[in-house]
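**Student:** Here you go, one structure.
Protein chains: 4
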Amino acid sequence: MEKQLSLIKFFKETRQQTESICQPLEPEDYLSQPTENVSPPKWHLGHTTWFYEALILKVFHKNYKVFDEDYFFLFNSYYNTLGDRTNRFERGNQTRPVLKKIYEYRSYVDYELVKFLENNSSEVEKIYSILELGINHEKQHQELLITDIKYILYQNKVLPSYQSFKNNIFQANKPLNNEMIKVDEGIYQIGYNGPDFHFDNEEGEHKVYLEAFKFAKHTVTNEAYLEFILNDGYKDFRHWLSDGWTWINENNIESPLFWKNIDGKWFYYTLGGLREIDLHAPVCHISFYEADAYATWAGKRLLTEFEWEVAAKKFANNKTDSNCLEKNILSPIPAHKSVNQLLGNVWEWTNSAYLAYPYFKIAEGALAEYNGKFMANQMVLRGGSCATPLSQVRIHYRNFFYLHERWQFTGIRLAEYS
Amino acid sequence: MEKQLSLIKFFKETRQQTESICQPLEPEDYLSQPTENVSPPKWHLGHTTWFYEALILKVFHKNYKVFDEDYFFLFNSYYNTLGDRTNRFERGNQTRPVLKKIYEYRSYVDYELVKFLENNSSEVEKIYSILELGINHEKQHQELLITDIKYILYQNKVLPSYQSFKNNIFQANKPLNNEMIKVDEGIYQIGYNGPDFHFDNEEGEHKVYLEAFKFAKHTVTNEAYLEFILNDGYKDFRHWLSDGWTWINENNIESPLFWKNIDGKWFYYTLGGLREIDLHAPVCHISFYEADAYATWAGKRLLTEFEWEVAAKKFANNKTDSNCLEKNILSPIPAHKSVNQLLGNVWEWTNSAYLAYPYFKIAEGALAEYNGKFMANQMVLRGGSCATPLSQVRIHYRNFFYLHERWQFTGIRLAEYS
Amino acid sequence: MEKQLSLIKFFKETRQQTESICQPLEPEDYLSQPTENVSPPKWHLGHTTWFYEALILKVFHKNYKVFDEDYFFLFNSYYNTLGDRTNRFERGNQTRPVLKKIYEYRSYVDYELVKFLENNSSEVEKIYSILELGINHEKQHQELLITDIKYILYQNKVLPSYQSFKNNIFQANKPLNNEMIKVDEGIYQIGYNGPDFHFDNEEGEHKVYLEAFKFAKHTVTNEAYLEFILNDGYKDFRHWLSDGWTWINENNIESPLFWKNIDGKWFYYTLGGLREIDLHAPVCHISFYEADAYATWAGKRLLTEFEWEVAAKKFANNKTDSNCLEKNILSPIPAHKSVNQLLGNVWEWTNSAYLAYPYFKIAEGALAEYNGKFMANQMVLRGGSCATPLSQVRIHYRNFFYLHERWQFTGIRLAEYS
Amino acid sequence: MEKQLSLIKFFKETRQQTESICQPLEPEDYLSQPTENVSPPKWHLGHTTWFYEALILKVFHKNYKVFDEDYFFLFNSYYNTLGDRTNRFERGNQTRPVLKKIYEYRSYVDYELVKFLENNSSEVEKIYSILELGINHEKQHQELLITDIKYILYQNKVLPSYQSFKNNIFQANKPLNNEMIKVDEGIYQIGYNGPDFHFDNEEGEHKVYLEAFKFAKHTVTNEAYLEFILNDGYKDFRHWLSDGWTWINENNIESPLFWKNIDGKWFYYTLGGLREIDLHAPVCHISFYEADAYATWAGKRLLTEFEWEVAAKKFANNKTDSNCLEKNILSPIPAHKSVNQLLGNVWEWTNSAYLAYPYFKIAEGALAEYNGKFMANQMVLRGGSCATPLSQVRIHYRNFFYLHERWQFTGIRLAEYS
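As given, the protein sequences belong to chains L, D, W and E, one line each in that order.
Take the position in the first sequence, starting the count at 1, then add 51; the result is the number in the numbering used here.
Take the position in the second sequence, starting the count at 1, then add 51; the result is the number in the numbering used here.
Take the position in the third sequence, starting the count at 1, then add 51; the result is the number in the numbering used here.
Take the position in the fourth sequence, starting the count at 1, then add 51; the result is the number in the numbering used here.
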């Protein structure tokens, strides 16, 4: 019962937090979809709401009156189980329903859901477990909102700010010595079996055998990455995976996303506008290909997701101290003395393909489509970023993206065998 | 002097009319660019304003303070002469400047321009000739606004209305007998040399020799076109130009744009929402390929633009009676007793490629890019449509589009040799 | 009867000539299809044979035994009337039937056809008219064989020769003064109505009214075109049609096809191998866009096809003297004193879209697809080239290609109003 | 010394074997490149020769006279280290050098290499190690020759045979009970450290921890796979990875490659021509997506490459008995009583991404590009196929392809946790 009350509280906070994220936007910002995998904020607002309506209210609430039947088509993301849906690349063409309507939709579902939860007594366990998933789903979309908004605003010739720039307090720092920390070989437990919320892809504690390895205490800085650029790192095929070499050449990639060279000086776009690069902050917005090429150039390698998890279990700092969404900095900050930033700040590309853990079982019904069907062609990222909600910053969390994607806050931590 | 005063009046009316067209839109509608050659209404509002600023105020007004330098990049359409510009397909990504700013831009330029015109005494002739062009340019964009808005709203799953449907009064009409009207062979004068406003591509009266021909008094109706569809017109290669056959097959074209077959019944999207097809209204929103295939199937042909012009000079009804933009019906209406609708209602595809008239001379400077550079791969349309401003409904006006384009109000008038 | 005997003789000669053209090829050359609109020589050999089999033997010869049923699928080009066919772009994948088989096919059809013609007495007129078309069809493919072979061999890193270079005798010539020749305004007859062979698209003598004009005695030389290149002609948008400007930029076009700049010196690939450019020979292998841009840059224009025909009727030299296929030079030669080269040497792009003449009627059956269905998006070329069989070098002949195509021997003749 | 003599013998046999594979081809077959990743046989013949010339003769033989400098450009595959090269997709356009020349090239290099090896006394170890790699490289191309030839011949409307069909003796077999074989959990050694030839990607014995699992004694048959098809396996998204679902829908995939449904009956193309499907033979020519979807539909899963290797070490039959290239059947055969066919017959897709083993080190120089740079976006296949040379049929061998590729002889072995 207590768990349920706290879940309802968590639900309300989450709903509020999502709307706060959108608060600085102008009306047109809500519609824009400059590239297929960036969704309009409007769509995020509707889709996160649709999840509760489609998977809870419509299923368990007998007298529930649907807000608008069309929304089932408009706000389904990829759930084939739940019927037809707008083609992903056409989300930005849906000028209607207008924003005001979508906010009404949110209020309606929030009100109906809370009322239903408070009055309902059967199937409680199942409903609350879906509710918990729905909240965590919305948390994931909060991060996507931040990264999509950054990408959307960046398309404007007049590079507008989303909020004032907040991490300049860190700019004066000297870079710290990036020592290598050793982990012994042996059998380790990976994955999670406990009572706290987690996605199906993290589930299932199981053993892996690891060789001894070392990992860098800090992620790679912009300064270090600039050296790679100046060393013609983007022009020398020897550092690159074959697919990566093709990708940078076909797309004329010569620096991380959001970087601009103006009269020989490097700037990047931040949610606080265009700024000179902070040399001591971690490099960010790079693809797996770039992370791998940098590591090769540096004579090192990336961690596997298993090594990362073992390292984090031993060494991660308190997650509440991490640079996560709730800190509202929304930009990676330089390393401080004793902090290794394994959690928060930037997602760390691992050299592990996103595949199932042993005994992984696809869920029943619509939720079957949540994680398992993406287990192809993607790499795992670990640790969370400055845009990740605190609740998602966890050691077992497995994020995954295609090897060329880089609009998330993604960075590099080096490793080597010892 | 009088001409100048009346031009200023015309300018003010036009500026007002453009904004009226946008009045029914919701904020998101202004940003949408569902396909490359449909521009966001926001962009039209800015671009028509930019034209006066870039070609008059910036050039002739010595103390003019530019509203915002960035707008020169944002709102240039295709004038290489005037510098870099937003890629056409990225117009829909410019969420900023926000709409309110663009309306401020309009007010600012309007105010500055009128003030300047009223006070200026030198180079009057040249300035007013550019002003006249600018107004006519804005008139062209008024038509594009209507057709772009129709296309934008049509992308919405919930097919919204732009205004209430207005041409139902005509729906009960019986179709009229579509008699063929004869024109004798001979030498005819084509083009225009007079004092009234006209574009450079209409200029230059010159002789053409025409064989005797007949043209249909009325354009092809939806009923007649449906017969073509039901007769498997879209499935029989013999009616089609080779490029047209490829185009319909690669794009799965089986009916005019905006048509939907719902449970065996044909509907189309209008600016008044989805409606059952009006059998007696002219078929509309078809490509040149479809117009040509229909004519072939019907054992007839399209007029050349020269034949059309000769026919219109002899037989066109008073243009002020035509179904044009100012009538605010925004949908083609059925033929009435004595009216041939050569002017207004639907643009009529001709079988003439868009090429230069004899002695055509490309203008100097930026205006060189207005018409001449498009004289390749396009066909001429004549007569104006229900979305054409009355001032553009003129017998010499040469409209032109690519052979596959059909988001304009385009129809068919049949012809034959006699 | 005499006409028939001479047609059989013409048939035999043509069949022989086609095979002679292929004689210098290596086995692999016969299969190559480096781009969709270049067909493998093997395919040309089969297709020209298929034409007689499909349209004469199979239709009129009651006891005819088809050589191989599969060939009807393999060697149909674009005749929907005659059933399914290999996709054009897959012609180069048909490694079988092997070449030897195709030559057997040719012999078989030749033998059967001649035997049939000699013994047949009914429907003679119709059969001979199709035969005449078939021979002229094969003549057209002879030209395509030459241009396709040139394109195929050019793909090889080792640029092989097809035959020894033959037009060096002309290289020493001084360029001639390129005077402008005047033609008066008036009504002229265009097209052909006589008894000699001609395609349906040339048929129908009809009047056109022409303004007075002047045309250049000689086509534009490589020297003159180089001046355009060196004058940054390919970098200045003002000379280009909008579609042309897009085309050169998307395809990085900076010179005619087959040109290579090696260490600052211009060379071109000829059927006699790579050679330094002959400055006095006509520029060749250019698109309509380049022809038009050059003319604009030069302050002139292209002729219309009507002007060209009128000029040629008045001034063309004897066609037997022209540089055509039978001369076996296969490369355009410089102008000589009194020769205007309106016929042969290079095809001349006109500023006329390829459209129907008045009263043009599409033929019945398969031949309906011969010419009419291509009347969209193409421009007319006139006069024939160094690869055109003498029989096709005629004043009324209307050749047509898309505006960007340039693997034919295509050049420029300038004109202006007088 | 003995090892060297035997390597020279192996070299000569391999060279001979490659040419034997091409012996049944017609001249045009050698040139064809119907899709980018199928290379013309001519190119394979040249490229395998180039490898010895570029990496041995040119480097170690001081007085070596290169056969033709152009061949360095023409026959380089993907070695950036070794300079520019023909674009992969343009290999099929290289009609020259003609086939005869390439065979001369082979003879020349063979002669020079053997002579050099017999007379050379310095750097012996290094040279022989590259020679061994070169031979194994040619062995890999022998397999590609078989699969590319199959794909090339399949493009022909007349589906020609490469050789007579040879595995009908197995056709009458009853399918065997496909029992599941258990393997215990524990720590296992993976990879190879011994003296025999192996590629760098197999190197490095290291421990992995495996959960207990079971694997199917036999691979999935055509009969079993047909059940999946008839059960609408290709139409139900629930079985498919998201990328796989997109892939089958965009490419209209409804059955394995080479399958054709003719009047309701299933046939497939084999190197012995089109044949009715052998129900008891293993399904073949499927993508990873199909293998995974089938396993999901069957309620099972694929093995990881580690599980596969452990299973093979324990249970694989003698590799000399396997259905490999030297058996010359070139088509997968049904399972026999006691044979599990882990080796040969069909490659088995594993659910392991192709990634580096611990301590994997990229080689120096050109060989750095052999394996490591492909470690992205591909899955591992194990066991060899009916087209794999016996020497490549080894338990540690790691083959890898993209998830959609299926022109190799690829099949499915099911697994589950026990």
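Just so you know, even glycine gets a beta-carbon here, dropped at the ideal spot from N, CA and C.
Values in this document were obtained by computation on a predicted structure and should not be read as measured data.
May I ask which residues mark the beginning and end of the beta strand (DSSP E) holding W:Ser540?
**Tutor:** Residue 540 of chain W lies beyond the range of chain W shown here (52 to 469); nothing can be said about it.
**Student:** Going by C-alpha distance, which of W:Glu360, W:Arg136, W:Glu256, W:Asp161 is nearest W:Pro246?
**Tutor:** W:Pro246 has its Cα closest to that of W:Glu256, out of W:Glu360, W:Arg136, W:Glu256, W:Asp161.
**Student:** Looking at the unbroken alpha helix (DSSP H) that takes in E:His95, where does it start and where does it end?
**Tutor:** 92–103 is the span of the alpha helix (DSSP H), which, as asked, contains E:His95.
**Student:** Look at the alpha carbon of L:Tyr129 and the alpha carbon of L:Tyr421, and state the distance between them as a whole number of angstroms.
**Tutor:** Rounded to whole angstroms, L:Tyr129 to L:Tyr421 spans 9 Å at the Cα level.
**Student:** Taking buried to mean at least 16 other C-beta atoms within 10 Å of its own C-beta, is W:Ile79 buried or exposed?
**Tutor:** Looking at the sequence provided, one finds Glu at residue 79 of chain W rather than Ile. Burial call: buried.
**Student:** From W:Leu308, W:Thr355, W:Ile153, W:His98, pick the residue whose C-alpha is nearest to that of W:Ile241; which is it?
**Tutor:** Selected option, being the one with the closest Cα: W:Thr355.
**Student:** Using a Cβ cut-off of 9 Å, pull out every chain W residue sitting near D:Glu262, in sequence order please.
**Tutor:** Under the 9 Å cutoff, chain W gives His257, Lys258, Pro409, Tyr410.
**Student:** Along the beta strand (DSSP E) that carries W:Thr321, what are the first and last residues, could you check?
**Tutor:** 316–321 is the span of the beta strand (DSSP E), which, as asked, contains W:Thr321.
**Student:** Considering only DSSP beta bridges, list what E:Ala466 is partnered with.
**Tutor:** Paired residue(s): E:Phe266, E:Arg352.
**Student:** Shorter than 9 Å from the beta carbon of E:Val149 to some beta carbon of chain W?
**Tutor:** So, interface residue.
**Student:** Does chain L have any CB closer than 9 Å to the CB of E:Lys60?
**Tutor:** Not an interface residue.
**Student:** From what residue to what residue does the beta strand (DSSP E) around D:Arg326 run?
**Tutor:** 324–327 is the span of the beta strand (DSSP E), which, as asked, contains D:Arg326.
**Student:** Using a beta-carbon distance cut-off of less than 8 Å, what residues from the stretch 78–99 of chain W approach chain E?
**Tutor:** Residues Pro78, Glu79, Asp80, Tyr81, Leu82, Ser83, Pro85, Lys93.
**Student:** Taking L:Asn252 as the reference, give the member of L:Phe451, L:Leu150, L:Ala466, L:Thr461 with the closest Cα.
**Tutor:** Measuring from the Cα of L:Asn252, the nearest candidate turns out to be L:Phe451.
**Student:** Count the other CB atoms within 10 Å of the CB of E:Ser382; is the residue buried (16 or more) or exposed (fewer)?
**Tutor:** Its Cβ being crowded by 16 or more others within 10 Å, E:Ser382 is buried.
**Student:** For L:Val390, does the count of other Cβ atoms within 10 angstroms reach 16, so buried, or fall short, so exposed?
**Tutor:** L:Val390 is buried by the Cβ-count criterion.
**Student:** Cβ of W:Ile470 within 9 Å of Cβ of W:Tyr405?
**Tutor:** No statement about residue 470 of chain W is possible, as the shown extent of chain W runs from 52 to 469 and does not include it.
**Student:** Let me know the alpha helix (DSSP H) ranges lying completely inside the stretch 168–203 of chain W, each 4 residues or longer, listed in chain order.
**Tutor:** Fully enclosed alpha helix (DSSP H) runs of 4 or longer: not present.
**Student:** CB-CB under 7 Å to W:Pro85, same chain, minus the five flanking residues each way: which ones, in chain order?
**Tutor:** Cβ neighbours of W:Pro85 beyond the five flanking positions: Tyr202, Ile203, Gln206.
**Student:** When you compare the CB positions of L:Arg139 and L:Ser90, do they come within less than 9 Å of one another, or not?
**Tutor:** Yes; because the gap between Cβ atoms is below 9 Å, this pair is in contact.
**Student:** I need the straight-line Cα distance from E:Gly324 to L:Arg289, nearest angstrom please.
**Tutor:** Taking the straight line from one Cα to the other gives about 44 Å.
**Student:** Taking the alpha helix (DSSP H) that E:Ser295 falls in, what are its first and last residues?
**Tutor:** In the sequence as displayed, the identity of residue 295 of chain E is Gly instead of Ser. From DSSP, the alpha helix (DSSP H) with E:Gly295 extends over 293–301.
**Student:** Is the Cβ-Cβ distance between L:Tyr448 and E:Tyr260 less than 9 Å?
**Tutor:** In this structure, E:Tyr260 does not lie closer than 9 Å to L:Tyr448 by Cβ.
**Student:** Residues of chain W with a CB under 8 Å from the CB of E:Glu70: which are they?
**Tutor:** Per Cβ cutoff of 8 Å: no residues; E:Glu70 is ~18 Å from chain W at best.
**Student:** Is DSSP giving W:Tyr408 helix, strand or coil here?
**Tutor:** Of the three classes helix, strand and coil, the one that applies to W:Tyr408 here is coil, per DSSP.
**Student:** With the cut-off set at 9 Å, would you say D:Met430 and D:Phe339 are in Cβ contact?
**Tutor:** In contact: D:Met430 and D:Phe339 (Cβ atoms closer than 9 Å).
**Student:** Could you give the distance in angstroms between the alpha-carbon of E:Gln193 and the alpha-carbon of E:Leu393?
**Tutor:** Between E:Gln193 and E:Leu393, the C-alpha separation is close to 21 Å.
**Student:** Out of L:Trp296, L:Val110, L:Phe357, which has the shortest C-alpha to C-alpha gap to L:Glu470?
**Tutor:** Nothing about residue 470 of chain L can be read from this structure; chain L reaches only from 52 to 469.
**Student:** May I have the straight-line CA-CA distance separating L:Leu210 from L:Phe309, to the nearest angstrom?
**Tutor:** Each residue's alpha carbon lies about 11 Å from the other.
**Student:** Please list, in chain order, the chain W residues whose beta carbon lies closer than 8 Å to that of D:Lys478.
**Tutor:** An answer regarding residue 478 of chain D cannot be provided, because it is not within the stretch 52 to 469 covered by chain D.
**Student:** For a cutoff of 9 Å on Cβ pairs, would you count E:Ile337 as touching chain L?
**Tutor:** No, no contact with chain L.
**Student:** With the cut-off set at 9 Å, would you say E:Glu360 and E:Tyr468 are in Cβ contact?
**Tutor:** In this structure, E:Tyr468 does not lie closer than 9 Å to E:Glu360 by Cβ.
**Student:** Can you name the residues of chain L whose CB is closer than 9 Å to the CB of E:Ala342?
**Tutor:** The premise fails here: E:Ala342 is roughly 12 Å from chain L at the closest Cβ pair, so nothing lies under 9 Å.
**Student:** Taking C-beta pairs closer than 8 Å, name the residues in chain E that L:Leu454 reaches, listed in chain order.
**Tutor:** Per Cβ cutoff of 8 Å: Ala427, Asn428.
**Student:** I need the DSSP call for E:Leu56, collapsed to helix, strand or coil.
**Tutor:** DSSP places E:Leu56 in helix when its eight states are reduced to three.
**Student:** Within the continuous beta strand (DSSP E) that includes L:Phe452, where are the two ends?
**Tutor:** Counting along the chain, the beta strand (DSSP E) containing L:Phe452 begins and ends at 450–453.
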